[in-house]
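First residue of the sequence shown? That's 51 in the working numbering, and the numbers climb one at a time after it.
Glycine included, C-beta positions come from ideal geometry on N, C-alpha and C.
Everything on this sheet refers to the single structure shown next.
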Amino acid sequence: MIERIGVYPGTFDPVTLGHMDIIRRGAKLVDRLVIGVTTNPSKSPMFTIEERMATVRREVADVDGDIEVVAFDSLLMDFAERQGAKVIVRGLRAVADFEYEYQMAGMNQQINPRVETVFLMADVALQPIASRLVKEIALYGGNIAKFVPESVRAEVVARVEKIGRKGS
């Protein structure tokens, strides 16, 4: 029997409860889930890729399933091919996500038609959560406890203290 491998790519800056929901559910769909931690040139990361990988590894340690965390800096479809993946797992929060993800899935299919994209709807309670908004709330001194695991909250708060809080 061929092992079903899936890739869940993202920047995970920081990893949120929404990410964790998709990881838990995605891990049930495949034999092995590879979490691909990457950089996005259009985003300004709060944490280095090494810090993000360490955080994701810690947070998935208790999640059921065969889960691996790997850094990548290449086209997603090339990364998926190197991992032996046949599935890309993507989380959707809203209609705006769908439009972007639908376009990306179409482009990815043109690049590598051997890999399918599977969309998972975020849990309704977690749909508004976005890493970008979590960072913005934290930078202005807001409470992010409802959006990230407790250990991640502590890391974000510590980083904000280091780089300086915004606002008055």
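> On the three-pair Cβ rule with 8 angstroms, is the segment 100-115 touching the segment 74-91?
Replying inline: yes
> Rounded to a whole number of angstroms, what is the C-alpha to C-alpha distance between G156 and A144?
Replying inline: Numbered from its first residue, the sequence shown carries residue 156 at position 106. Numbered from its first residue, the sequence shown carries residue 144 at position 94. Using only the alpha carbons, I get a separation of about 18 angstroms.
>> Within a Cβ cutoff of 7 angstroms, which residues of the same chain sit near T66, ignoring the five residues on either side of it in sequence?
In response: Residue 66 sits at position 16 when you count from the first residue of the sequence shown. The answer, listed in chain order, is I179, S181, V184, F197 and V198.
>> DSSP has Y150 in a bridge; who is on the other side?
In response: Within the sequence shown, the letter at position 100 stands for residue 150. For Y150, which the question treats as bridged, DSSP gives no partner whatsoever.
>> Pull the bridge partners of P59 from the DSSP assignment, please.
In response: Residue 59 sits at position 9 when you count from the first residue of the sequence shown. Bridge partners of P59: G86.
>> Only counting the same chain, and skipping five residues up and downstream in sequence, which positions put a Cβ closer than 8 angstroms to that of L125?
In response: As a first step, residue 125 is located in the sequence shown; it is residue number 75 there, counting from the start. Closer than 8 angstroms at Cβ, skipping near neighbours: I161.
> Is it right to say N90 is buried, meaning 16 or more other beta carbons lie within 10 angstroms of its own, or is it exposed?
Replying inline: The residue given as residue 90 occupies position 40 in the sequence shown. So N90 counts as exposed.
> Rounded to a whole number of angstroms, what is the C-alpha to C-alpha distance between K212 and V120?
Replying inline: Counted from its first residue, the sequence shown places residue 212 at position 162. Counted from its first residue, the sequence shown places residue 120 at position 70. Taking the straight line from one Cα to the other gives about 27 angstroms.
> With a CB to CB cut of under 8 angstroms and the five nearest residues on each side skipped, what residues in its chain are close to L142?
Replying inline: To locate residue 142, count along the sequence shown from 1; it is residue 92. Within the same chain, L142 has close Cβ partners F148, E151, F169, L170, M171 and A172.
> Helix, strand or coil: which one does DSSP assign to R75?
Replying inline: Here residue 75 is taken as the residue at index 25 of the sequence shown, counted from 1. Looking at R75 - three-state DSSP - the assignment turns out to be helix.
>> With H, G and I counted as helix, E and B as strand and the rest as coil, what does DSSP make of F129?
In response: In the sequence shown, counting from the first residue as 1, residue 129 sits at position 79. The answer is helix: DSSP assigns F129 an H, G or I state.
> Buried or exposed: P163, going by 16 or more other Cβ atoms within 10 Å of its Cβ?
Replying inline: Position 113 of the sequence shown, counted from the start, is the residue given in the question as residue 163. With fewer than 16 Cβ atoms within 10 Å of its Cβ, P163 is classed as exposed.
> With 16 other CB atoms within 10 Å as the buried threshold, where does N193 fall?
Replying inline: Position 143 of the sequence shown, counting from 1, holds the residue named residue 193. It counts as exposed.
> Which value, in whole angstroms, describes the spacing of the CA atoms of G56 and Q159?
Replying inline: Start at 1 with the first residue of the sequence shown, and residue 56 comes out as number 6. Start at 1 with the first residue of the sequence shown, and residue 159 comes out as number 109. If I take the Cα positions, the gap works out to 15 angstroms.
> If you draw a straight line from the alpha carbon of R203 to that of R209, how long is it in whole angstroms?
Replying inline: Along the sequence shown, read from residue 1 onward, the residue named residue 203 stands at position 153. Along the sequence shown, read from residue 1 onward, the residue named residue 209 stands at position 159. Taking the straight line joining both Cα atoms gives about 10 angstroms.
>> I need the DSSP call for I194, collapsed to helix, strand or coil.
In response: Walking along the sequence shown from the start, residue 194 turns up at place 144. It is coil, neither helix nor strand.
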